[in-house]
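Numbering (this note's numbering), first residue to last: 8 to 296.
Yeah, the Cβ is synthetic: ideal placement off N, Cα and C, and Gly gets one too.
Encoded structure:
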């Protein structure tokens, strides 16, 4: 199940995400994470665990010491507050990944949509709200950047007023999101500069950018002022972030810490283990440097 198919649906309508865990993939240590170091603010993306009922998953996060969850909307927030789980990346506006701010014909509807959700995010006590460029559909990247900037500038005063940070996600257009425009860090940074507001940042997805450009640590070091949030995922496959894939997350996390980043890092890998919470526990442990 891809995230694009999860947007706008309830967890109850989700299909199973998980495949069987082989004995070779079993974690060597089944003990609970007793104490997190506090250098990384951990989060987990709800859609990756949508087979687990929301309340049960919130209890799992409390057991793991994880205090935040990504990609949730107003319908989720009351129950999250009950379990003291912060909404580290909100959604609830827009037309999904493929239709976004690069299309001027959508600006009127998008502006109205974001004008409704921005105050709700602030009222709930949250900060980050996701947005997307949309697909190219034959559009030149420079034209698309200009269109995104023109549309987003119209809602930035409202975002600034409410202390909400809009975050456009960097996604790969090679494997998962064919034709998506915001698929390179340099393009996203250029958009940030064109908008010129501290309330517009990039959601730097490590998995996606490994596919598109690699050079993860150097990119983080160079462009970190424009990155407001991070997502993880193992490449290839977008599964567990252990030694079954090519990224070395402890070094990446150390690089993030060295930039002075105080936001959240959310696990966004799709578990293949029979026990997805055990897989999440391992991911948190790997990133807790």
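Here's a check: name, in chain order, each residue in its chain whose Cβ is nearer than 6 Å to the Cβ of residue i, leaving out the five neighbours to either side.
i: residue 95; result: 50, 75, 77, 271
i: residue 33; result: Note that residue 33 scores 41 on pLDDT, short of 50, meaning its location in the model is unreliable; the coordinates nonetheless yield the value given after this. Cβ neighbours of residue 33 beyond the five flanking positions: none.
i: residue 237; result: 211, 272
i: residue 114; result: 158
i: residue 284; result: 67
i: residue 290; result: 248, 274
i: residue 136; result: 97, 128, 171, 173
Excluding the 5 residues flanking residue i on each side, which residues of the same chain have their C-beta closer than 7 Å to its C-beta?
i: residue 179; result: 190, 215, 218, 219
i: residue 146; result: 109
i: residue 46; result: 264, 296
i: residue 257; result: 293, 296
i: residue 89; result: none
i: residue 182; result: 218
Can you list, in chain order, the residues of its chain with a C-beta nearer than 8 Å to that of residue i? Leave out the 5 residues immediately preceding and following it.
i: residue 269; result: 48
i: residue 87; result: 65, 76, 79, 93, 94
i: residue 199; result: 207, 208, 209, 233
According to DSSP, what are the bridge partners of residue i?
i: residue 79; result: 97
i: residue 230; result: For residue 230, which the question treats as bridged, DSSP gives no partner whatsoever.
i: residue 115; result: DSSP, once it has assigned bridges, lists no residue as partnering residue 115.
i: residue 256; result: Partner(s): none; residue 256 has no beta bridge.
i: residue 281; result: According to DSSP, residue 281 bridges with nothing at all.
i: residue 211; result: 237
i: residue 142; result: 187
i: residue 155; result: Answer by DSSP bridge pairing: none, since residue 155 is not bridged.
i: residue 172; result: 135
i: residue 274; result: 51
What does the Cβ neighbour count give for residue i, buried or exposed, with the cut at 16 atoms within 10 Å?
i: residue 234; result: buried
i: residue 185; result: exposed
i: residue 119; result: exposed
i: residue 245; result: buried
i: residue 83; result: buried
i: residue 132; result: exposed
i: residue 176; result: buried
i: residue 128; result: buried
i: residue 150; result: exposed
i: residue 252; result: buried
Does the region 64-71 come within contact of the region 100-109, defined as at least 3 CB pairs closer than 8 Å? no
Quick check: the region 262-279 against the region 238-247, are there 3 or more CB pairs under 8 Å? yes
Specify whether the region 143-162 and the region 82-99 touch according to this definition: at least 3 beta carbon pairs, one from each stretch, less than 8 Å apart. no
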